[in-house]
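Engineer: Chains as they are written, first to last, in the numbering used here: chain R, 76 to 488; chain C, 76 to 488.
Positions of the beta carbon are idealized from the N, C-alpha and C atoms, including for glycine.
Quick caveat, the model's predicted, so the values are computed rather than measured.
Number of protein chains: 2
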Amino acid sequence: MSTPSGPDYARLFRKGVPDAAPRFTGFPKYNFIGGHNDPTRIPVEALADCAAAALRREGSLLALYNLGHGPLGHRGLRDLVVDKLKRHRGVTVTREEVLLTSGSLQGLDLVNSLLLERGDTVLVEELSYGGSISRLRTLGVNIVPMPLDAEGIRIDALSDALDALKAKGVTPKYLYTIPTIQNPTGSILPLERREQLLKLARAHGVPVFEDECYADLVWAGMAAPPALYAMAPAQVIHIGSFSKTLAPALRSAYAVAPWPVLSRLVALKTDAGSASVEQMLVAEYFSKNFDSHVERLSSVLKEKLDVMVEAVAREFGSAAECFVPKGGIFLWVRLPPEVDVRKLVKPAADAGIAFNPGPEWAVEPETATSQLRLCFALPSKEEIREGVAAFARVCFEQTGIPAQSGNIRHAAG
Amino acid sequence: MSTPSGPDYARLFRKGVPDAAPRFTGFPKYNFIGGHNDPTRIPVEALADCAAAALRREGSLLALYNLGHGPLGHRGLRDLVVDKLKRHRGVTVTREEVLLTSGSLQGLDLVNSLLLERGDTVLVEELSYGGSISRLRTLGVNIVPMPLDAEGIRIDALSDALDALKAKGVTPKYLYTIPTIQNPTGSILPLERREQLLKLARAHGVPVFEDECYADLVWAGMAAPPALYAMAPAQVIHIGSFSKTLAPALRSAYAVAPWPVLSRLVALKTDAGSASVEQMLVAEYFSKNFDSHVERLSSVLKEKLDVMVEAVAREFGSAAECFVPKGGIFLWVRLPPEVDVRKLVKPAADAGIAFNPGPEWAVEPETATSQLRLCFALPSKEEIREGVAAFARVCFEQTGIPAQSGNIRHAAG
């Protein structure tokens with residue numbers, strides 16, 4: 076008897092199922108994508124001690140879903156979120172308004188599941204987090220891009236867009252914004268614009284969906300205004316994360332909203348709870364070390380950014396325009412319009428380089444074909460220098476740009 | 076200025092959004108619901124040591140999504156799943172066919188997302204896990220109940236149902252079955268029925284979706300046949316979990332399927348990975364202790380079951396029929412048809428008792444109005460005795476049944 080072949084799955088898959096994932100073959104040598112962090116900055120000894128202490132103290136509670144703390148999650152970590160948001164983001168909430176999630180991606184999914192159906196309209200910064208844009212595309216909603224400048228979302232454009240939609244009888248389901256360390260441009264929205272944004276949102280009855288995943292990684296001496304949630308809690312749904320401040324393989328994040336909204340997110344969160352050991356661990360470690368850890372991490376990240384900006388300037392010269400971020404882990408770069416970065420993905424991968432092509436970070440992909448995102452947290456300074464140089468070579472080979480790297484004028488093909 | 080009230084969310088929520096979750100007010104005194112485990116059986120010291128050891132060894136990898144092991148998750152835990160499935164369930168797979176998930180609920184969601192759309196048909200055991208049934212209802216699929224007897228799914232009925240659907244031109248998207256410690260009836264499907272079930276599934280081109288969440292908790296001396304996946308890997312999608320064998324607040328579970336199916340589940344898993352610290356911890360602890368831990372736990376659970384069966388017999392007498400399970404953490408009980416357990420939920424809650432009403436565990440709720448599920452892992456033996464007695468009192472007060480508890484004949488009202 077031959078091996079049975081199984082059901083005809085291709086006929087059984089639902090409509091619109093995504094393509095099969097490729098087999099994982101490891102990371103590229105020069106890995107400039109993803110929210111990875113610096114492996115040398117993981118406080119391994121302290122985490123080991125904290126995990127052991129927390130498990131000894133409350134480990135028997137693992138026998139209960141959510142440790143018996145209820146569907147919002149670990150009380151200690153919610154208290155930590157409350158404290159951190161108060162001290163760093165000006166937010167006043169209780170732990171009953173904090174829902175712990177499995178990464179901020181789950182927060183995105185829950186908020187989308189609460190509000191969106193096919194055909195709905197949302198407002199999104201014209202350049203935004205690729206994971207958010209791809210989710211909205213999958214959901215079949217109409218994404219209206221909001222123009223950005225060096226300080227973030229342009230209020231005049233937001234006002235015009237809201238008026239135009241109102242004239243058509245459309246109320247957007249939300250305005251999704253990353254006001255503090257915008258992804259990918261790295262800007263911080265000034266206080267006055269925050270006030271104007273909220274005023275417009277209120278006037279039009281539009282919820283603001285504030286994603287503050289990078290807000291704790293603002294460079295030293297570069298103060299950020301309070302979170303939008305701090306200024307108008309009734310108007311805003313807020314998400315944040317410990318992935319970037321501690322470690323992305325820890326899936327510990329949170330959503331903050333008034334109870335009438337949060338209670339629906341809880342009802343939609345049908346996963347029987349997020350990972351409790353990780354919540355215990357983050358609470359234990361960060362309740363003592365949040366400020367000092369983030370300060371040290373930010374300073375290391377800032378050094379890496381400086382190395383990357385220098386490397387891009389050296390290797391690309393005037394061909395590259397950098398959007399130097401005010402914090403975070405990524406640099407947004409614009410190349411001359413004749414460069415289509417999508418055509419560089421494959422040759423760069425062949426040379427061991429991964430980068431985020433701009434079109435994946437743009438509501439209207441065609442507007443960002445010469446832009447790209449380079450993450451600098453994971454690679455060492457040496458890898459940043461080598462990788463950017465290697466990328467410049469690939470770019471030159473494919474496009475003739477940059478014509479000169481450092482003091483060396485490239486010879487054509 | 077009065078406090079702004081925020082957007083009119085009631086108008087903005089999508090259609091069909093679930094009701095708001097109630098505020099969590101703690102567990103009832105006699106908690107007979109949910110997959111909680113015995114807090115005294117959590118190996119707190121060993122987990123603390125294992126967490127510390129694993130974090131010291133590989134903690135720096137937390138800087139990388141999925142520890143750099145790729146979207147299937149922690150390699151060590153996948154190796155452990157491979158070994159455990161081989162030794163205990165007769166399954167031969169490689170770690171490239173194992174996807175680690177955030178609880179088996181994520182496995183359910185991923186498989187549903189791969190195969191189901193509104194109007195599809197699935198086959199489900201007539202009594203089944205409430206979380207699976209409620210998901211299928213939400214998805215708007217047509218659920219055809221498969222009759223059960225004391226040994227599990229009835230093959231004659233399965234055959235008839237498949238023929239009837241074929242006559243209507245309907246291919247079910249899957250047969251969802253819990254063959255080993257069926258939830259809620261606690262049966263183990265005999266080998267011969269497994270062979271017949273797979274033969275029918277093959278003949279009709281229907282995938283089998285095998286949920287083995289409780290299969291590791293079979294009572295000592297009560298051998299279970301191999302998993303369906305072991306017998307026909309091409310035909311079966313298999314899920315299992317460490318929630319029941321170690322701790323439910325640990326969200327560590329797995330899905331097993333051939334790569335053409337698994338690669339789609341990976342593509343649908345857009346959460347950037349499950350909790351890596353918990354994966355490290357489960358791998359570290361269970362790689363040394365799986366068999367001994369499960370053996371000890373099963374023996375404790377069996378003692379609690381015996382206490383519960385005794386208590387039900389004592390308090391309900393001939394009014395209650397128990398489906399004594401062959402493993403696991405729950406007892407299925409049938410009361411006389413004149414008892415509608417739905418009417419007992421509120422008075423029981425008022426008396427500090429929570430139980431699972433049968434209708435929530437039934438594809439056709441009206442067929443199970445006098446049945447209920449009682450979980451025995453969490454409460455102590457004393458709480459089991461007291462809680463069952465208290466439940467019998469509530470039942471008598473509401474329905475006049477049981478007329479006698481122990482030696483005491485109840486006086487009416």
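Give the DSSP-derived three-state secondary structure of Pro220/C in the structure shown.
Structural biologist: strand
Engineer: Using beta-carbon positions only, say whether Tyr251/C and Asp286/C come within less than 8 Å of one another.
Structural biologist: yes
Engineer: Shorter than 8 Å from the beta carbon of Arg170/R to some beta carbon of chain C?
Structural biologist: no
Engineer: Where Ala465/C and Gln271/R are concerned, what is the direct C-alpha to C-alpha distance, given to the nearest angstrom?
Structural biologist: 60 Å
Engineer: Counting C-beta neighbours from all protein chains within 10 Å, is the total for Asn431/C 16 or more, i.e. buried, or is it exposed?
Structural biologist: buried
Engineer: Does Phe99/R have its Cβ less than 8 Å from a Cβ in chain C?
Structural biologist: Chain C, which has a Cβ nearer than 8 Å to the Cβ of Phe99/R, makes this yes.
Engineer: Just checking my contact of Leu191/R with Leu214/R at CB under 8 Å: how many whole Å lie between their CB atoms?
Structural biologist: 5 Å
Engineer: By Cβ distance, which residues of its chain are closer than 7 Å to Lys418/C, with the 5 residues on each side in sequence left out?
Structural biologist: Gln473
Engineer: Helix or strand or just coil, what does DSSP make of Phe317/C?
Structural biologist: coil
Engineer: Looking only at its own chain, which residues have a Cβ that is under 8 Å from the Cβ of Gly488/R, when we skip the five neighbours before and after it?
Structural biologist: Reliability of the predicted coordinates at Gly488/R is poor, the pLDDT of 46 falling under 50, and the value obtained from them is presented with this limitation in mind. Only Glu472 meet the Cβ criterion.
Engineer: May I ask which residues mark the beginning and end of the alpha helix (DSSP H) holding Asp184/C?
Structural biologist: 178 to 190
Engineer: In angstroms with no decimal places, state the Cα-to-Cα distance between Leu87/C and Val245/R.
Structural biologist: 11 Å
Engineer: Along the chain, where does the beta strand (DSSP E) that runs through Gln446/R open and close?
Structural biologist: Judged by DSSP secondary structure, Gln446/R falls within the beta strand (DSSP E) whose first and last residues are 446 to 450.
Engineer: Can you grab the Cα-Cα spacing for the pair Leu264/R / Leu237/R, in whole Å?
Structural biologist: Each residue's Cα considered, the two are about 19 Å apart.
Engineer: Can you have a look at Asp94/R and say buried or exposed, based on whether 16 or more other CB atoms are within 10 angstroms of its CB?
Structural biologist: exposed
Engineer: Do you know offhand how far Val387/R's Cα is from Phe107/R's?
Structural biologist: 13 Å
Engineer: In chain R, what lies closer than 8 Å to Val352/C by C-beta?
Structural biologist: Ala126, Ala324, Leu325, Ala350, Val352, Glu353, Leu356
Engineer: With a cut-off of 8 Å, does the C-beta of Asn112/C fall near any C-beta of chain R?
Structural biologist: yes
Engineer: Are the beta-carbon atoms belonging to Thr196/R and Val219/R less than 8 Å from one another?
Structural biologist: The answer is yes: Cβ separation under 8 Å.
Engineer: Asn482/R: buried (16+ other C-beta within 10 angstroms of its C-beta) or exposed?
Structural biologist: exposed
Engineer: Taking only the alpha-carbon atoms, compute the straight-line gap between Ile230/R and Ala276/R and give it to the nearest angstrom.
Structural biologist: Those two C-alpha atoms are separated by around 11 Å.
Engineer: State the beta-bridge partners of Cys397/R as determined by DSSP.
Structural biologist: Partner(s): Val408/R.
Engineer: When the Cα atoms are used, what is the spatial distance from Leu321/R to Leu130/C?
Structural biologist: 14 Å
Engineer: Quick one: what's got a C-beta closer than 7 Å to His485/R's C-beta in the same chain, skipping five residues either side?
Structural biologist: The beta carbon of His485/R lies closer than 7 Å to those of Phe471, Ala478, Gln479 in the same chain, with the five residues before and after it left out.
Engineer: Using a C-beta cutoff of 8 Å, does Leu140/R count as contacting chain C?
Structural biologist: The sequence given here places Tyr at residue 140/R; Leu does not occur at that position. Yes, because at least one Cβ of chain C sits closer than 8 Å to the Cβ of Tyr140/R.
Engineer: Looking only at DSSP bridge pairs, what is Gly402/C linked to?
Structural biologist: In the DSSP output, where bridge partners are listed per residue, Gly402/C has Val293/C.
Engineer: Use the C-beta contact count for Ser374/R: other C-beta atoms within 10 angstroms, 16 or more gives buried, fewer gives exposed.
Structural biologist: exposed
Engineer: Which of the residues in the segment 82 to 97 of chain R, read from start to end, lie with their CB under 7 Å from any CB of chain A?
Structural biologist: Looking for chain A here will not work: the only protein chains present are R and C.
Engineer: Quick test of your reading: Asp425/R and Ser445/R, contact by CB under 8 Å. State the CB separation rounded to the nearest angstrom.
Structural biologist: Not a contact, Cβ separation roughly 21 Å.
Engineer: Label Gly148/C either buried or exposed according to how many other C-beta atoms from any shown protein chain fall within 10 Å of its C-beta, with 16 as the threshold for buried.
Structural biologist: buried
Engineer: Report the residues of the segment 469 to 485 of chain R with a CB closer than 8 Å to any CB of chain C, ordered along the chain.
Structural biologist: none
Engineer: Check the Cβ of Asp346/R against every Cβ in chain C and list those closer than 9 Å, keeping chain order.
Structural biologist: Residues of chain C passing the Cβ test: Ser177, Gly178, Leu180, Gln181, Asp184, Arg326.
Engineer: Quick check on Gly261/C: buried or exposed, where buried means 16 or more other Cβ atoms within 10 Å of its Cβ?
Structural biologist: buried
Engineer: Determine the direct distance from the alpha carbon of Val173/R to that of Ala332/R, and round the result to whole angstroms.
Structural biologist: 7 Å
Engineer: Using beta-carbon positions only, say whether Ala330/C and Thr176/C come within less than 8 Å of one another.
Structural biologist: yes
Engineer: Does DSSP put Asp113/C in a helix, a strand or coil?
Structural biologist: When DSSP states are grouped into helix, strand and coil, Asp113/C belongs to the coil group.
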